[in-house]
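Q: First residue of the sequence shown: 2, per the numbering used here; consecutive thereafter.
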Amino acid sequence: MSGGPTVLLSDGKCKERCNSERNGGSYDPVRWSEYFNIRDDIELEGGTFRIYRRGVEGPLLFFLHGGGFSALTWAVLSTLITDQVKCQCLAVDMRGHGDTKCLNDDDLSIDTLSKDIIKIIFAMYPMEAPPIILVGHSMGGAVAVHVACKRTIPSLAGLVVIDVVEGNRNFPYIYGYRTTIFLLSL
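#1: Which whole runs of the alpha helix (DSSP H) in the region 91-146 are 4 residues long or more, in chain order?
#2: Can you check which of these residues, F123, A130 and R152, is closest to E58 by C-alpha distance?
#3: Candidates Q85, V86, K87 and K102: which alpha carbon is nearest V93's?
#4: With distances taken Cα to Cα, identify the nearest neighbour of K151 among S34, R32, R55 and I111.
#5: What did DSSP end up calling V57 once you bin it into helix, strand or coil?
#6: Does the region 42-49 come close enough to the region 71-79 that 3 or more CB-CB pairs lie under 8 Å?
#7: Smallest Cα separation from R96: which of S79, G68, T80 and V86?
#8: Below 8 Å on the Cβ atoms is my guess for L91 versus L135; work out the distance and round it to an integer in Å.
#9: Report yes if the C-beta distance between I118 and V161 is below 8 Å; otherwise report no.
#10: Is the beta carbon of R55 less than 8 Å from the beta carbon of Y36?
#11: Could you tell me if Q85 is buried or exposed, where buried requires 16 or more neighbouring beta carbons within 10 angstroms of its beta carbon?
#12: Expressed to the nearest angstrom, what Euclidean distance is found between the alpha-carbon atoms of I43 and D106?
#13: When you compare each of I39, Y28, N38 and L65 to I133 by their alpha carbons, which one comes out closest?
#14: Could you pull out every residue in the same chain whose Cβ sits closer than 6 Å to the Cβ of F63, ignoring the five residues on either side in sequence?
#15: Do you know how far the Cα of I39 is from the Cα of T153?
#16: Of all the options L109, R32 and I163, which has the alpha carbon lying nearest to the alpha carbon of S139?
Below you can see the structure in the form of structure tokens.
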């Protein structure tokens, strides 16, 4: 066994992880079509938001990426989850990121980003949305918390934050509210 780290794959087998120089790998972005079934643009007032989808049934995992990243951050996870669980995955390029184009790409305030996500959800599901679980990393986690606190998405079933940006003034509210929201959805 060489000195490099090993990675445990989902099939239980271990594989040596090779760095880019040794295996000729690349840090190029992944191709969306290898991981998602649909690439689409959602037209809203003031912008066009790029989304990627996988799966057509079950609850919707709505993925929000961190600052400086894109929806494709969630590509591999979306494939792994939909291969194991009956669900849908949707990842969005947020304002100022990826292939989303807005009139004001520089307005990355939490309020604007949250309003964008709420508008996207209502544009996609004008009548009835499936149960939605917001999943956010870093900046996306802060946006997910802000969206949840607004209580404007009737089908919101869960909230997952990963390495969320600290300092959100809504955190004490979410912390105290968390057990009741999940009990209400049972």
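Idealized CB from N, CA, C, for every residue including glycine.
A: To lay it out plainly:
#1: As far as the region 91-146 is concerned, its whole alpha helix (DSSP H) runs of at least 4 residues are 111-125.
#2: A130
#3: K102
#4: I111
#5: coil
#6: no
#7: When only C-alpha atoms are compared, the closest one is G68.
#8: So it is not a contact: roughly 10 Å between Cβ atoms.
#9: no
#10: Yes. Within cutoff.
#11: exposed
#12: 16 Å
#13: L65
#14: Excluding residues within five positions, the ones whose Cβ falls inside 6 Å are L91, I133 and L135.
#15: 26 Å
#16: I163
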